[in-house]
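First comes the structure, then the notes that go with it.
Numbering (the working numbering), first residue to last: 58 to 337.
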C-alpha cells in the first residue's frame, strides 16, 4: 500500500512538473489580406504571461529563450504580464535579462498587462524595456519597413486599471498616418475578451490580434475547455487558440496559453506555450 501511494505521489509530481515547465510550441499559418509579398513567410514568436518574480526559475527562462531562438523569428511580440503584480521592485527579477535576450534574437514589440502596471514602479518597467530596445507600444503604432517601404503596422493597446470606462472605440487613442491606415495591421492587446470591439474603427481594424491574459483557463477540462479566465468568468469563450471575428471572418485572434502562473500556482492539463505565427 505504501509503495502504491509513493508511486502515485511521484506520478503526480511528474505530471505537475510537465504541466508547468514542459513548453509546447504551437504553429499557426495566418493569411493576412493585402499583405505585401515581401512580408509573406515572416515569422512572429508570441510570448506572454511570464509573471516573473525574484524566485522565477532561471533555467526555465533560458529554455524559453532557446526555443524562441530555434523558431528563427523575424519579430518577437510580448503581450503583457511579463512580471507579477505586487513587487516593490523589479531589480531582482529576470526581466532585464529576458528582454535583452529577446532583442538579441529579433526586433521585439511589447504591450502591458494588468500585472505589469501593478508591480514596482511603472517607470522602472518602461526603463528596463527601453534600455533593451524593446518597442513598448502604449496606445501606439509602428510601421514595419522593408527596403525603406512601410509594409505592415504593429499596434499596441495599453492596459488600463479602469476596465469599466474603456475608450469607445477601443483603439481610439492609437493614431495612424494615412499610409498606416491603408496597410494590414497586427494588434497586440493583453485582453482577448474585447476582440470584437477591436474591430469597430474600420480605419484601425486589425487583420490579426495577439493576446494572452487567460492562461487558457488555468485548468482545461476535456470537452469543456478552460475553467476560468479573468474578465470572462467560468468556461470562457476566448480561452486559447485561434478565433475568427463574427462579422469579418478573415480577421483573426490568437490567444496564447502563456508561460507562467499568477495567483493560482499550477496549470492542469494546460502546458505552457510558445506560439509561432507564419504570415501568409
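Even glycine gets a Cβ: it sits at the ideal position worked out from N, Cα and C.
In the three-state reduction of the DSSP assignment, residue 251 falls in the helix class, which pools H, G and I.
Counting of Cβ neighbours within 10 angstroms places residue 66 among the exposed residues, the total staying below 16. Fully contained in the region 180–242 are the following beta strand (DSSP E) runs of length 3 or more, in chain order: 197–203, 206–213. The beta carbons of residue 174 and residue 197 sit no closer together than 8 Å. For the region 94–120, the full-length beta strand (DSSP E) segments reaching 3 residues or more read 100–104 along the chain. In the three-state scheme derived from DSSP, where H, G and I count as helix and E and B as strand, residue 80 is classed as coil. In the structure shown, the three-state DSSP call for residue 298 is strand. Pairwise C-beta distances place the region 215–222 out of contact with the region 181–192, as fewer than three of them are shorter than 8 Å.
Residue 336 carries a strand assignment under DSSP once its states are collapsed to helix, strand and coil. If you draw a straight line from the Cα of residue 106 to the Cα of residue 322, it comes to about 13 Å. Beta-bridge analysis with DSSP links residue 85 to 334. Checking the DSSP bridge columns, you'll see residue 268 partnered with 312. Straight-line measurement puts the Cα of residue 318 at about 35 Å from the Cα of residue 92.
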